[in-house]
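Enquirer: Structure provided below as structure tokens; questions to follow.
Number of protein chains: 2
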Amino acid sequence: MLYPVPAVMISCADEEGRSNIMTAAWAGTICSDPVMVSVSIRPERYSHDVIARTGEFVINLTTEDLTYAADFCGVRSGRDVDKFEYLQLTKLPSAKVKAPSIGESPVCLECLVTGIEHLGTHDLFLARVVQVSVDEKYLDEKGRFVLEDAGLVAYVHGSYLSLGEKLGTFGFSVRKKDGGNRRRAAVRSAESAAGRKKPSSGRAADRKDTRRKKNSK
Amino acid sequence: MLYPVPAVMISCADEEGRSNIMTAAWAGTICSDPVMVSVSIRPERYSHDVIARTGEFVINLTTEDLTYAADFCGVRSGRDVDKFEYLQLTKLPSAKVKAPSIGESPVCLECLVTGIEHLGTHDLFLARVVQVSVDEKYLDEKGRFVLEDAGLVAYVHGSYLSLGEKLGTFGFSVRKKDGGNRRRAAVRSAESAAGRKKPSSGRAADRKDTRRKKNSK
């Protein structure tokens, strides 16, 4: 229920150099210094044991062009198919880990596992990012990284969605230039939403019913 | 560098019932049974100690209408301003925790902290979701949840972005109906991308240069 999330492709390689790609929606940054990420993986997945044994993986961001590949890598197992070959993806050697990177991905994060938490259906892998590789076509003429133009894909409740228009940049609400007008619009919107709803408690189902009655009055 | 991420509003309340909202981009699902989430929070943030002491918080999803509020809650401290009041957001009592929910949010996840990992600049809060409340306007006539129409907001490298068109649904790549044609398109796209790039290794800067030379040939 926590959305949107990224749908990243996780690449790994076993001790004999056999590589695989799995897609994970439950991945995110967890610390900025040291730079750390986490990825939740079910123990049944083929990549789980490879990553647990080797302690290495690469997170490859997914673009619209890679949506088919990302979906395929999320539903098919590396036990049955060589995904790099089937999907004709470019297997790039990584700089700091033996797991390969995906050449078509705009950003590849090379990771070393620092710990695994056994939570239940999923194991949470905590990892340090030891290398970040960025495709230069996402750097502007001043060398700034323009990732919002990369066509990244978001995953929401079973659907892959493109990203749309820019709504603002971090800190816009307190910048003198446009903060004031936008606050008035936001407050009007909040007031209007509040008028349609009432506080309620109880189970989600109860609450849902309460709101439905409110709305159908 | 791991994007897109959600920009969720985390609400909490201290022992005297004083509530606050902070925005976090580093939050995600980590387990499906038990349902668990994680949120990374800097120890300096006002909400950090409140959540660490009370062991409770609510994750409120952010829509386009809530972008201003989400940004404001990410840059201003609860030490200085009552954010519910300033932003005129509806403070709903939650069902299972003392932390309030935000009435304008389409989905509110009530959470109980199960552990805190001290990573460096950030502490990783692991938590169980004990209640999910969904605004009924995101349920279709069959009671199915249609969250991709809620106008959720993604955060990418400093920018808030709306979500765009649907590119596919989970499993589309292996469904007989459209998998084949889409694979051909995806493979053509991969081949075309591979032709523009060469495997390389070394630091990100080196690799960037390599690619730039390739592209400028």
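Here the protein sequences line up with chains A and B, keeping their order.
Per the numbering used here, residue 12 is the first one in the first sequence, and the count goes up by one each step.
Per the numbering used here, residue 12 is the first one in the second sequence, and the count goes up by one each step.
No residue lacks a Cβ here, since even glycine has one placed at the ideal position from N, Cα and C.
Inspect the beta-carbon positions of D76 of chain A and A165 of chain B and report whether they are closer than 9 Å.
Expert: no
Enquirer: Hey, is G28 of chain A's beta-carbon within less than 9 Å of any beta-carbon in chain B?
Expert: no
Enquirer: Determine the chain A residues that contact M12 of chain B at a beta-carbon separation under 7 Å, and present them in chain order.
Expert: Simply V118, L120 and V143.
Enquirer: Between the C-alpha atoms of T78 of chain A and D91 of chain B, what's the straight-line distance to the nearest angstrom?
Expert: 44 Å
Enquirer: Is it the case that the Cβ atoms of L103 of chain B and C119 of chain B are separated by a distance below 9 Å?
Expert: Yes.
Enquirer: Taking a contact to mean a Cβ-Cβ separation below 9 Å, would you say T40 of chain A touches V16 of chain B in this structure?
Expert: Going by C-beta atoms, T40 of chain A is nearer than 9 Å to V16 of chain B.
Enquirer: For A106 of chain B, I'd like the list of residues in its chain whose CB is within less than 6 Å of its CB, leaving aside the five on either flank, ordered along the chain.
Expert: Contacts found: Q142.
Enquirer: Please return the same chain residues whose Cβ sits closer than 7 Å to the Cβ of L6 of chain A, not counting the five positions on each side in sequence.
Expert: It is not possible to answer for residue 6 of chain A, since the shown part of chain A is limited to 12 through 228.
Enquirer: For Y166 of chain A, which of helix, strand or coil comes out of DSSP?
Expert: strand
Enquirer: Is DSSP giving K102 of chain B helix, strand or coil here?
Expert: strand
Enquirer: Would you tell me roughly how many angstroms separate the C-alpha atoms of D217 of chain B and G154 of chain A, rounded to the nearest one?
Expert: Interpretation of D217 of chain B is limited by its pLDDT of 38, a score under 50 that renders its predicted location unreliable; no figure is taken from the coordinates.
Enquirer: Can you check which of these residues, B:E159, B:A63 and B:R186, is closest to S173 of chain A by C-alpha distance?
Expert: B:E159
Enquirer: Can you give me the start and stop residues for the alpha helix (DSSP H) that D93 of chain A sits inside?
Expert: It is not in any alpha helix (DSSP H) - D93 of chain A carries neither H nor E in the DSSP assignment.
Enquirer: Going by the CB atoms, is the gap between I70 of chain B and V50 of chain B shorter than 9 Å?
Expert: yes
Enquirer: Grab me the residues of G114 of chain A's own chain with a C-beta within less than 8 Å of its C-beta, minus the 5 sequence neighbours each way, in chain order.
Expert: L100, T101, K102 and L103
Enquirer: Let me see if you follow: with CB-CB separation under 9 Å, is A63 of chain A close to chain B or not?
Expert: At a cut-off of 9 Å between beta carbons, A63 of chain A makes no contact with chain B.
Enquirer: Can you tell which of B:V198, B:D134, B:E152 and B:K94 has its C-alpha closest to the C-alpha of S43 of chain A?
Expert: Out of B:V198, B:D134, B:E152 and B:K94, B:D134 has the C-alpha closest to the C-alpha of S43 of chain A.
Enquirer: On the criterion of 16 or more Cβ atoms from any shown chain inside 10 Å, does P54 of chain B qualify as buried, or is it exposed?
Expert: Counting other Cβ atoms within 10 Å of its Cβ, P54 of chain B stays below 16 and is therefore classed as exposed.
Enquirer: Which residues in the same chain have their Cβ closer than 7 Å to the Cβ of A18 of chain B, if we skip the five residues on either side of it in sequence?
Expert: T34, A36, T73, A81, V164, Y166 and Y171
Enquirer: Just to confirm the assignment, what range does the alpha helix (DSSP H) spanning V143 of chain B have?
Expert: Run containing V143 of chain B: none in the alpha helix (DSSP H); it sits in the beta strand (DSSP E), D134 to V145.
Enquirer: Would you say L130 of chain B reaches chain A, if we count a Cβ-Cβ gap shorter than 9 Å as a contact?
Expert: yes
Enquirer: At least one CB of chain A closer than 9 Å to the CB of D44 of chain B: is that the case?
Expert: yes
Enquirer: Sort out for me which residues DSSP pairs T65 of chain A with in a bridge.
Expert: According to DSSP, T65 of chain A shares a beta bridge with no other residue.
Enquirer: Hey, how far is the Cα of D220 of chain B from the Cα of E147 of chain A?
Expert: Because the pLDDT of D220 of chain B is 34, which lies under 50, any placement of that residue in the model is unreliable, and the question is left without a value.
Enquirer: Would you list, in chain order, the members of the segment 65-77 of chain B that have their beta-carbon closer than 9 Å to a beta-carbon of chain A?
Expert: Those would be I70, L72, E75, D76 and L77, in chain order.
Enquirer: Would P111 of chain B be called buried (16 or more neighbouring beta carbons within 10 Å of its own) or exposed?
Expert: buried
Enquirer: Could you check which residue in B:I62, B:D25, B:R139 and B:A38 has the C-alpha nearest to that of P45 of chain B?
Expert: B:R139
Enquirer: Determine, using beta carbons only, whether A38 of chain B and S30 of chain B come nearer to each other than 9 Å.
Expert: no
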